[in-house]
Structures are given as structure tokens and as C-alpha cells.
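Counting from 1, one number per residue, gives the positions in the sequence shown under UniProt numbering.
We put the beta carbon where it would ideally sit given N, CA and C, even for glycine.
From a predicted model like this one, the values you see are computed outputs, not experimental measurements.
Heads up: the structure comes next, in C-alpha cells.
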Amino acid sequence: MNRIVVAVGIVYDELGRLLVGQRVVRDRYFNKWEFPGGKLEDGESVEQALVREFQEEVGIQITASEPLIEVNHEYPDRSVRLLVRTVLSYQGQVRSLEGQALAWVTLDELDELDFLQGNQAIIDALRGV
Numbered sequence: 001m002n003r004i005v006v007a008v009g010i011v012y013d014e015l016g017r018l019l020v021g022q023r024v025v026r027d028r029y030f031n032k033w034e035f036p037g038g039k040l041e042d043g044e045s046v047e048q049a050l051v052r053e054f055q056e057e058v059g060i061q062i063t064a065s066e067p068l069i070e071v072n073h074e075y076p077d078r079s080v081r082l083l084v085r086t087v088l089s090y091q092g093q094v095r096s097l098e099g100q101a102l103a104w105v106t107l108d109e110l111d112e113l114d115f116l117q118g119n120q121a122i123i124d125a126l127r128g129v
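Okay, structure coming up:
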């Protein structure tokens, strides 16, 4: 089974809302919502991957982050390890650079979105469950 390691960033705005994105990759997870991030490249740390992915996808420069949770999830076609960090500070304006829908949502509004299953443990951690 394919094993993927992913850096995930939890970004809050000044109102305490969370940044989420909708997948544009046309696979079985198309249009599912997720927290922004991406795969680690060879030799890359989670911090480096997070900085790179956020620059590529949403146009911001992460300047500080801290670990939140590590999630291991099994999908039918892949095994995913999510290394999740809370973004403490960043520079720039959030904007979609890869065609994905982006939204700022409250914790309560997360329930209204169709998230990838692997993200549920992140949502639980954010809620303190």
C-alpha cells in the first residue's frame, strides 16, 4: 500500500476562524475539504514542507509554527501520516494559487463541510476532544 507523509498547517485568522481548502485533484477524494498542506519531499523536514506548500498553494510565508498532532489514517488505496502544525505567524495574504476553493470557517462550521476522513482526528484535537 502506498504510504504518504503530509505536512498540514492549521491557520487562524484574526477572528479565530480556520483556513480550509477543497481538493481539486480528480481522484476519489475530489471536492472533499481538508486543512492545507502537502507531501514531504525527500530530505525535507515537516517545517520546510509546510513553508513550501503554503507558498505554492495559498501564497503565504509561514514564519512560525508548532506541533499540534500526528495522525495515521488508512484509506482503501493509501496510508497517510499527517504531521499537523499550528501556524503561529505568517506573512502575506491568503489566496488560492492552485484553483482550489478556500474558506475561513469556525469550529462549528467544520461540521457542515465534507472533510476527508483522516482530518477528523485533527478536528477532534482542535475541539479538545
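Start and end residues, alpha helix (DSSP H) containing residue i
i   : result
V46 : V46 to V58
Best match in the options for proximity to residue i [C-alpha to C-alpha]
i    : options                 : result
G38  : R23, L102 and V6        : V6
V71  : L15, I123, R127 and E14 : I123
R127 : L97, N2 and G16         : G16
Q100 : N2, V11 and V24         : V24
I69  : V84, E14 and T63        : V84
P76  : R28, G92 and L19        : R28
Helix, strand or coil at residue i according to DSSP, with G and I counted as helix
i    : result
A125 : helix
N119 : helix
E14  : coil
L110 : helix
N2   : strand
N31  : coil
Element boundaries [beta strand (DSSP E), containing residue i]
i   : result
E98 : First-last for E98: undefined, no H or E at that position.
P76 : Here P76 belongs to no beta strand (DSSP E), and DSSP marks it neither H nor E.
L19 : L18 to Q22
G37 : G37 to K39
Per DSSP, cross-strand counterpart(s) of residue i
i    : result
G9   : R85
Q93  : Answer by DSSP bridge pairing: none, since Q93 is not bridged.
V71  : L82
F105 : In the sequence as presented, Phe is not what sits at residue 105; that position holds Val. V105 pairs with L18.
Within 8 Å, strictly: CB atoms of residue i and residue j
i   : j   : result
V11 : L18 : yes
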